[in-house]
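Read through the structure below, which is laid out as structure tokens, and then see the notes.
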Amino acid sequence: MKTISELTDFYYKTLYPILQTLEEERKRLKKRVITIALLYTFILSSIFLFIFKHFDFETFTYLIFFTIAGFAGIYKYLLKDYTADFKQKVIAPLIQEIDKNLDYLPELHIPLSNFTHSKLFTSHPNRVSGNDYVRGKIDNIEIAFSDLHVEKKEKNSKGQT
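Structure below.
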């Protein structure tokens, strides 16, 4: 495993130039997202105002909801490549620099069996997702970690899920 000094040197010699390039790309992407958001909002607002007189308020509420969901999808699509580049160009080399025995798998997460075996929660989750899985050995100690999103559906006293 590397020392703090070695990791600092790695940061300034290797990662910092990459981060500067990615920062410029992030700024361009931010402008693009804002432009698309404004255009998207203007066009859909114009359409909604034109057809509002033909719909009741409840239908209009659904249209607004689907408009927001649609933009969320567009936003996620626009950020996908930037996120992948960041993981490939920054996170993966950093993990390897920390210790060559570590594997970084950006699309995977901790297996459900590891999560349930940990006994952090007593009930079985309904849905599990995640990413940024790191696994390997440091000083003969097996480690594994990732982002993890775990959901459990439960019913309240009124029977609502």
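Per our numbering, the very first residue in the sequence shown carries number 270; after that it's consecutive. Note that the Cβ used here is the ideal one computed from N, Cα and C, for glycine as well. Please read these numbers as outputs of a predicted model, since none were measured by experiment.
Subject >> Alpha-carbon spacing of T283 relative to K424, whole angstroms >> reply: Going from the Cα of T283 to the Cα of K424 covers about 51 Å.
Original post:
Expressed to the nearest angstrom, what Euclidean distance is found between the alpha-carbon atoms of R253 and K300?
Top reply: As displayed, the chain neither begins before 270 nor continues past 430, which places residue 253 out of reach and without an answer.
Original post:
Can you give the Cα-Cα distance for L318 and L332, rounded to whole angstroms?
Top reply: So the alpha carbons of these two residues sit roughly 12 Å apart.
Original post:
On the three-pair Cβ rule with 8 Å, is the stretch 360 to 378 touching the stretch 390 to 409?
Top reply: Touching, yes, given that three or more Cβ pairs across the two stretches are closer than 8 Å.
**OP:** Mind the definition here: the stretch 300 to 313 touches the stretch 344 to 351 only if three or more C-beta pairs lie below 8 Å; say whether that holds.
**Re:** A contact exists between the stretch 300 to 313 and the stretch 344 to 351.
**OP:** Check whether the Cβ atoms of N400 and D416 sit closer than 9 Å, and answer yes or no.
**Re:** Taking 9 Å as the Cβ cut-off, N400 and D416 qualify as a contacting pair.
Original post:
Run through DSSP, which three-state label would N383 get?
Top reply: In the three-state DSSP reduction, N383 falls in the helix class (H, G or I).
**OP:** Can you grab the Cα-Cα spacing for the pair G342 / T336, in whole Å?
**Re:** For G342 and T336, the distance between alpha carbons rounds to 10 Å.
Original post:
What are the start and end residues of the alpha helix (DSSP H) that includes G339?
Top reply: Here the alpha helix (DSSP H) through G339 covers F326 to F355.
Original post:
Taking DSSP as the reference, what is the three-state secondary structure of F390?
Top reply: In the structure shown, F390 sits in coil (DSSP, three-state: anything other than H, G, I, E or B).
Original post:
How big is the Cα-Cα spacing for T328 and S314?
Top reply: The straight-line gap from Cα to Cα measures roughly 15 Å.
Subject >> Of the listed residues D278, M270, I273 and I287, nearest to I360 (C-alpha basis) >> reply: Residue I287 is the option with its Cα nearest to I360.
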